[in-house]
Amino acid sequence: MPFSIVRSDIARLGVDAVVNAANEGLIAGGGVCGAIFSAAGYEQLQEACRRIAPCPTGGAMVTRGFDLPARWIIHAVGPRWIDGHHGEEGLLRRTYRSALDQAARLRVTSVAFPLISAGIYGYPPAAALNVACEEIEHFLSDRAGTAAGDMHVVLAIYDRRAFAASLDCYDEVALCIQDAQGEESFFACDSAVCAQAAEKSCDLGFGPGFDLDLHALAAPAASSRRQARACAPRTIDEIEIAELLNKLDASFSQTVLSLIDARGLTDVEVYKRANLSRQLFSKIRRDQGYKPTKATAVALAIALELSLDECNDLLERAGFSLSTSSKFDVIVRYFIERECYDIYKLNAMLFAFDQPLLGSM
Numbered sequence: 396m397p398f399s400i401v402r403s404d405i406a407r408l409g410v411d412a413v414v415n416a417a418n419e420g421l422i423a424g425g426g427v428c429g430a431i432f433s434a435a436g437y438e439q440l441q442e443a444c445r446r447i448a449p450c451p452t453g454g455a456m457v458t459r460g461f462d463l464p465a466r467w468i469i470h471a472v473g474p475r476w477i478d479g480h481h482g483e484e485g486l487l488r489r490t491y492r493s494a495l496d497q498a499a500r501l502r503v504t505s506v507a508f509p510l511i512s513a514g515i516y517g518y519p520p521a522a523a524l525n526v527a528c529e530e531i532e533h534f535l536s537d538r539a540g541t542a543a544g545d546m547h548v549v550l551a552i553y554d555r556r557a558f559a560a561s562l563d564c565y566d567e568v569a570l571c572i573q574d575a576q577g578e579e580s581f582f583a584c585d586s587a588v589c590a591q592a593a594e595k596s597c598d599l600g601f602g603p604g605f606d607l608d609l610h611a612l613a614a615p616a617a618s619s620r621r622q623a624r625a626c627a628p629r630t631i632d633e634i635e636i637a638e639l640l641n642k643l644d645a646s647f648s649q650t651v652l653s654l655i656d657a658r659g660l661t662d663v664e665v666y667k668r669a670n671l672s673r674q675l676f677s678k679i680r681r682d683q684g685y686k687p688t689k690a691t692a693v694a695l696a697i698a699l700e701l702s703l704d705e706c707n708d709l710l711e712r713a714g715f716s717l718s719t720s721s722k723f724d725v726i727v728r729y730f731i732e733r734e735c736y737d738i739y740k741l742n743a744m745l746f747a748f749d750q751p752l753l754g755s756m
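Numbering (the working numbering) for the sequence shown: 396 to 756.
Below, the structure is given as structure tokens:
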């Protein structure tokens, strides 16, 4: 299963295991740690932690989930931020690896993480997010084809606004969206504007007896349309339907598979880069007539590192396109135009703007 980001209280998620942003003593704290202790049952969880404590920074230990929906709690101890020159990044990466290794050892199918060390430990949120995404991606890619590689990893974010503010390029993407929406407003044709123009026809020099019908000017007269139809060739009578079908373009799935071969990639590389499950990709390979969702189609375009024109060509084969009329499309276009094909970072930006994420969820 893929990686996803959700806005939720991690203690309420229905996953197999949740990761607690713990301290070395494994005692109840504030923030995520306090919420997990409270939901799991303070006394019973504290007693279980007392038996296995302490846990070194960069390490992870496991207890039962007790009253949580999750069966297991993985207590992971991240580093405190000093100035970035005291090995903080290496320790944070080790923390994620330790927690993911514990999840693999438990053979869970789903695990939820908070943004470790980004709270009271003071790790800069943008840097913490980069580490989280990179380590999760490496873990799933390195174990592709195994049960651990199919694990669904969730990043649980409680405050979307604070998360958005931490993202690199967030302000620039927001400006692109604002500009695109401005263009849509400028070029939108309002029927009220047409009516006002018709009322002012005499001001255009046609005289008071002239009735200007802008809507009639915009469409051919009915008699002209009938004449055009009469003169049109009877294509269905002249060409066999079978011949028309033979001239159809390659389907979406056929095009995807051809692009994979042309780029010298493997199926595993592509569905991991696209944040798709192995099961979904198998459907695409088996069914030439497969109809993807737009999110799946865009995810594959990102995985294949297509240009904007190539992306739109692929999307058209599934009945979609990228426009400037939606936040989702503008964000995707922003990343493609800058040749940024990291689907984890793209999904983080989509999440920040409350848009659907790419991949199979």
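For every residue, glycine included, the Cβ atom is placed at its ideal position computed from N, Cα and C.
Classify residue i as helix, strand or coil using the three-state DSSP reduction.
| i | result |
| --- | --- |
| V503 | coil |
| L550 | strand |
| A743 | helix |
| V693 | helix |
| S648 | helix |
| V413 | strand |
| T719 | coil |
| L408 | coil |
| R459 | strand |
| S493 | helix |
| S512 | coil |
| I422 | coil |
| P520 | helix |
| R734 | Checking the sequence, you will find Glu at residue 734 rather than Arg. DSSP places E734 in coil when its eight states are reduced to three. |
| I477 | coil |
| S561 | coil |
| R488 | helix |
| A713 | coil |
| R350 | This structure leaves residue 350 out entirely; the chain is present only between 396 and 756. |
| R658 | coil |
| Y685 | coil |
Over what stretch of residues does the beta strand (DSSP E) that includes residue i continue unbroken?
| i | result |
| --- | --- |
| R668 | Here R668 belongs to no beta strand (DSSP E); instead the alpha helix (DSSP H) covers 662-668. |
| A471 | 467-472 |
| F676 | Here F676 belongs to no beta strand (DSSP E); instead the alpha helix (DSSP H) covers 673-681. |
| F748 | Where F748 is concerned, there is no enclosing beta strand (DSSP E), given that its DSSP letter is neither H nor E. |
| S399 | 398-402 |
As a quick exercise: from the options, pick the residue whose alpha carbon is nearest that of residue i.
| i | options | result |
| --- | --- | --- |
| G684 | S721, S403, G714, D708 | G714 |
| A416 | V427, I679, T458 | V427 |
| I825 | S653, R489, V727 | For the chain, the structure presents residues 396 to 756; residue 825 sits outside this window and is missing. |
| A669 | I405, H470, L699, Q576 | L699 |
| R363 | G420, G425, G436 | Beyond the ends of the chain as shown, which are 396 and 756, falls residue 363; an answer cannot be given. |
| W467 | I405, E483, T452 | I405 |
| E532 | P519, H547, A521, R556 | H547 |
| Y729 | G754, D708, D566 | D566 |
| I400 | R680, C528, V725, R681 | C528 |
| Y573 | A539, S403, S720, R658 | The sequence given here has Gln at residue 573, not Tyr. Selected option, being the one with the closest Cα: S720. |
| G482 | V568, L752, Y518 | Y518 |
How big is the Cα-Cα spacing for residue i and residue j?
| i | j | result |
| --- | --- | --- |
| V410 | P464 | 7 Å |
| A499 | F746 | 26 Å |
| A613 | T650 | Any answer about A613 is weak, because its pLDDT of 43 lies below 50 and its placement is not dependable; what the coordinates show is given next. The straight-line gap from Cα to Cα measures roughly 38 Å. |
| G544 | A412 | 16 Å |
| P449 | E732 | 49 Å |
| G454 | T490 | 6 Å |
| D537 | G577 | 44 Å |
| F558 | T661 | 34 Å |
| A551 | G424 | 18 Å |
| P397 | S646 | 25 Å |
| A521 | D563 | 7 Å |
| L752 | P509 | 18 Å |
| K740 | S512 | 19 Å |
Specify, as a first and last residue, the run of the alpha helix (DSSP H) that residue i falls within.
| i | result |
| --- | --- |
| A443 | 437-447 |
| L701 | L701 -> no alpha helix (DSSP H), and no H or E assigned at all. |
Is the Cβ of residue i closer than 8 Å to any Cβ of chain C?
| i | result |
| --- | --- |
| L709 | Absent from the structure: chain C. Only one protein chain is present. |
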